[in-house]
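Line order of the protein sequences matches chains G and Z.
Each step along the first sequence adds one to the number in this note's numbering, with nothing skipped, and position 270 is 270.
Each step along the second sequence adds one to the number in this note's numbering, with nothing skipped, and position 405 is 1405.
Yeah, the Cβ is synthetic: ideal placement off N, Cα and C, and Gly gets one too.
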Amino acid sequence: MKLRSKDILGLDHLEPDEITLILDMARDMKKIVQSNMKRVNYLQGRSVVTLFYENSTRTRVSFELAAKYMGAHAVNVSVSTSSVAKGESLIDTGKTLDVMGTDIVIMRHSQPGAPHLLARNINASVINGGDGMHEHPTQALLDMFTMREAKGGFEGLKVAIIGDIMHSRVARSNMIGLGKMGAKVCIFAPTTLIPPGIEKMGCTICQSLEEAIDGADVVMGLRIQKERLKKALIPSTEEYARFFGVDVRHLAGAKKDVLVMHPGPVNRGVEMTSLLIDSDQSKITEQVTNGVAVRMALLYLLAGREEN
Amino acid sequence: MKLLIKNGTIITGDRTEANKDILIEDGKISRIGEGITDTADQVIDANGLAVIPGLVDAHCHLRDPGYEYKEDIRTGTMSAAKGGFTSVACMPNTNPVIDNESIVRTVIAKARREAVINVYPIGAITKGQQGAELAEMGSMKVAGIVAVSDDGKPVMQASVMKKALIYAAGFGLTVISHCEDLDLAEGGSMNEGETCTRLGLHGIPSAAEDVMVAREIILSEYTGMPVHIAHVSTKGAVELIRQAKKRGVPVTAETCPHYFTLTEKACEGYDTNTKMNPPLRTQEDVDAVIQGLSDGAIDIIATDHAPHHFDEKNVEFELAANGIVGFETALPLALTYLVKPGILTLNQVVSKMSAMPARILKIDKGDIRVGADADLAIVNLEEEYVINPDEFLSKSKNSPFKGFKVSGRVKYTICGGKIVYQDK
């Protein structure tokens, strides 16, 4: 089996059998990441470019290592030194990378839909590394990998997502992907951070932290950014922490083997307490390892699409 | 120069007359009757075709001066003529802004040289459309403007709008208001709601339009001065206008074909040709707009023809320019989506696209009668075809209606007795 599209634009575009394929492949890749010989030649002779229009450490490094562990040429295009500063259009930048022989472009962009525009205009595969508030498919896939690894599957899982749903591409991708795989997503957030119509994406909006976490298999926190204060969405991070911050005591109603997750970086004491972040239930560091494995799987599957 | 139109069915806002001949002499309609046998320089056989008043558009952007790479007066009016329009009122958000007498005269002079139909400039409400100081409306009126508007930009200060309504009325000018509360819109790029949430775009709530429509109605009611609401797109706005009209507030309103045909769902896939301001709304809003057209809350259909260059649309959705071209799709869309399903009669659509906008602009257009200017469109109401933007005469092709199957094709457009468009 192969991926149907040349691009990974979002969970919206992936079928359940493709998601399973990616997660299965990532299981094998994880062994490489955890071995002392992190060098295979699956992508030898291939070129991978990360094109990041937004700051990122973990996603960019994760992709770069994923490409390098498999022997690809990996180049990072950073915004400050690129032609972007000169006002070149996204399509022109993409075409330039394309004709230099790039096989896969990984792009992060503040504009939702930007990877879709790029993908339509270049021959290289495009992986969406996060587009505005829209999707962050590789994060959702690594989250799903982490859940499946611990829980065995998705059918009937209850995943509680707590935090800034409105601005979160991670939440959107997880909702779509988990929904496709048979899990149930419950959300809880300040009412100003619940975007209108979100329930149409297949989640249940909860009225309290307790309700969201009750019987949950996974509790996922989301980063809250200070700039939300300026937009009059929340009054203070202190008030946020008081009513929406998750602590160990909140897990009382959750499943015994509940997983605590967060896409990072975490504001300790705001979205989650340190006690929770560093607890046995926490999968937050494991998620990062899994991120490299999932990204290796994606690069491998995309590069392998044209081969027989 | 004599032109004779034989055996057409005359359809105006208030009457239908089958099998009529229309004789045109020196740019005017000289006779209407049956079996006119005068020799003419040219005879058009309109058997089986509808002869309607040349359409009047109260809201378009010709982009001239300043943005001729998008459209100019020549191509814009050729595009309008192909759509059956013979009179268009163009918005002042050009470069420079049409906010003083000399620019009005420049536009009118250029139109006299290059336009194939009648062009009526709309002047700015405020200098440079900055929303602060009133533009010289009186002098612009002397030069030929038919209304004032800061279209594209709302007048955010209520005090300025209040004084604009009063001052404009003193010169017999109607203020056309682009209703958008910029604070509520927060720089969004599509309707706030389910689709927007899914696409991760920044939303524009329908309340941004409703709040401003409510303000204009209150100011119009308070001052007793007329206001015309541009491009109504929300259920809330339709209801506010309906209630205001019941109280006798001198408010009129327009909508555009995209607001009675498309919903926010069209934005899926980030097609920038579905991006306009106000944005495409929900099915509930579309239904309300249609109801408003039907019960008279909405007086007229305007195009908001807003040409943009390919490069300005071939970018990220939130960076793309707002607006779509509309001249060449307005009539067939109205016929297909309003007349065919029986929402409006043919006469009502013709009225809302000719006589009524002419009345709002206070120009003597929109009727077929002896002595009137010979501004006519001859239409095959039955002809079905698929919209293909590549065939547009506009310089720009930014239309969300590519591939739509419609009925009703303009065969001839006659302006001042001259054939200005003929379908080949």
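Helix or strand or just coil, what does DSSP make of residue i?
| i | result |
| --- | --- |
| Z/R1015 | coil |
| G/S125 | strand |
| Z/N1314 | coil |
| Z/D1390 | helix |
| G/N76 | strand |
| Z/K1246 | helix |
| Z/M1161 | helix |
| Z/Q1042 | strand |
| Z/G1172 | coil |
| Z/K1352 | helix |
| G/L222 | coil |
| G/R295 | helix |
| G/Y300 | helix |
| G/Q281 | coil |
Cutting at 6 Å between CB atoms, please list the residues of its own chain near residue i, excluding the five before and the five after it.
| i | result |
| --- | --- |
| G/M147 | V218 |
| G/N290 | L142, F145 and T146 |
| G/P115 | L9, M107, V126, N128 and D131 |
| Z/Y1259 | S1233 and V1289 |
| Z/G1188 | H1202, G1203 and I1204 |
| Z/H1309 | Y1069 and K1070 |
| G/D98 | I122, N123 and A124 |
| G/H73 | S47 |
Looking at the strands, I want to know which residues DSSP matches up with residue i.
| i | result |
| --- | --- |
| Z/T1195 | For Z/T1195, which the question treats as bridged, DSSP gives no partner whatsoever. |
| G/D310 | With chain G represented from 1 up to 308, any question about residue 310 of chain G goes unanswered, as that position is not in the structure. |
| Z/D1057 | Z/V1088 |
| Z/E1384 | Z/S1407 |
| G/T204 | G/C186 |
| G/S5 | In the DSSP output, where bridge partners are listed per residue, G/S5 has none listed. |
| Z/E1025 | Z/K1002 and Z/K1028 |
| Z/P1121 | Z/C1090 |
| Z/L1376 | Z/P1053 and Z/I1414 |
| Z/T1252 | Z/H1228 |
| G/K158 | G/K184 |
| Z/H1305 | Z/C1060 and Z/I1324 |
| G/S47 | G/H73 |
| Z/S1149 | Z/I1176 |
Exposed or buried, residue i, counting other C-beta atoms within 10 Å across all chains shown (16 or more means buried)?
| i | result |
| --- | --- |
| Z/C1421 | With the sequence shown as reference, residue 1421 of chain Z is identified as Tyr, and Cys is not the correct amino acid for it. Buried, since its Cβ has 16 or more Cβ neighbours within 10 Å. |
| Z/F1317 | buried |
| G/M261 | buried |
| Z/T1345 | exposed |
| G/R305 | exposed |
| Z/E1268 | exposed |
| Z/P1341 | exposed |
| Z/V1386 | exposed |
| G/Q207 | exposed |
| Z/R1113 | exposed |
| Z/E1133 | exposed |
| Z/Y1120 | buried |
| Z/V1142 | exposed |
| G/G3 | Reading the sequence as shown, one finds Leu at residue 3 of chain G and not Gly. Answer is buried; the Cβ neighbour count reaches 16. |
| Z/A1018 | exposed |
| Z/Q1243 | exposed |
| Z/L1004 | buried |
| Z/T1303 | buried |
Excluding the 5 residues flanking residue i on each side, which residues of the same chain have their C-beta closer than 7 Å to its C-beta?
| i | result |
| --- | --- |
| Z/V1349 | A1334, L1335, L1338 and V1339 |
| Z/K1418 | none |
| Z/M1078 | V1116 and L1393 |
| G/N308 | At G/N308 the pLDDT is 45, less than 50, meaning the model places this residue with poor confidence; the figure from the coordinates comes in the next sentence. The answer is none, since no qualifying residue turns up. |
| G/G66 | Strictly speaking, residue 66 of chain G in this sequence is Ala, with Gly absent from that position. Result list for G/A66: V292, R295, M296 and L299, in chain order. |
Once the 5 residues before and after residue i are set aside, which same chain residues still bring their CB inside 8 Å of it?
| i | result |
| --- | --- |
| Z/T1016 | T1009, I1010, L1346 and N1347 |
| G/N267 | R223, I224 and T237 |
| G/I19 | L11, L141, M144, G177, K180 and M181 |
| G/Q34 | T289 |
At 7 Å on the CB atoms, spell out the chain B contacts of residue i, in chain order.
| i | result |
| --- | --- |
| G/M133 | Included in the structure are the protein chains G and Z, with no chain B among them. |
Given 7 Å as the limit, tell me if residue i has its C-beta closer than that to any heavy atom belonging to the ligand FAD.
| i | result |
| --- | --- |
| Z/G1076 | Here there are no bound small molecules, and the ligand FAD is not part of this structure. |
* To do: Count the CB pairs spanning the region 122 to 130 of chain G and the region 219 to 234 of chain G that are closer than 8 Å, and state whether there are at least three.
  => Below 8 Å, too few C-beta pairs join the region 122 to 130 of chain G and the region 219 to 234 of chain G to call them touching: fewer than three.
* **the region 1274 to 1281 of chain Z contacting the region 1202 to 1219 of chain Z, beta-carbon criterion three pairs below 8 Å** => A contact exists between the region 1274 to 1281 of chain Z and the region 1202 to 1219 of chain Z.
* To do: Please confirm if the region 92 to 104 of chain G is in contact with the region 16 to 33 of chain G, defined as three or more CB-CB distances below 8 Å between the two stretches.
  => Touching, no.
* To do: Taking 8 Å as the threshold, find out whether the region 1145 to 1161 of chain Z comes into contact with the region 1212 to 1219 of chain Z through three or more Cβ pairs.
  => Cβ pair count under 8 Å is three or more, so yes.
* Mind the definition here: the region 186 to 199 of chain G touches the region 158 to 170 of chain G only if three or more C-beta pairs lie below 8 Å; say whether that holds. => Yes, the region 186 to 199 of chain G touches the region 158 to 170 of chain G.
* Asked: Using 8 Å as the Cβ pair cut-off and three pairs as the minimum, do the region 1390 to 1405 of chain Z and the region 1087 to 1100 of chain Z touch?
  -> Because the criterion of three Cβ pairs below 8 Å is not met, the region 1390 to 1405 of chain Z and the region 1087 to 1100 of chain Z do not touch.
* To do: Could you tell me whether the region 252 to 260 of chain G touches the region 195 to 206 of chain G, using the rule of 3 or more Cβ pairs below 8 Å?
  => Contact annotation: the region 252 to 260 of chain G does not touch the region 195 to 206 of chain G, with fewer than three C-beta pairs closer than 8 Å.
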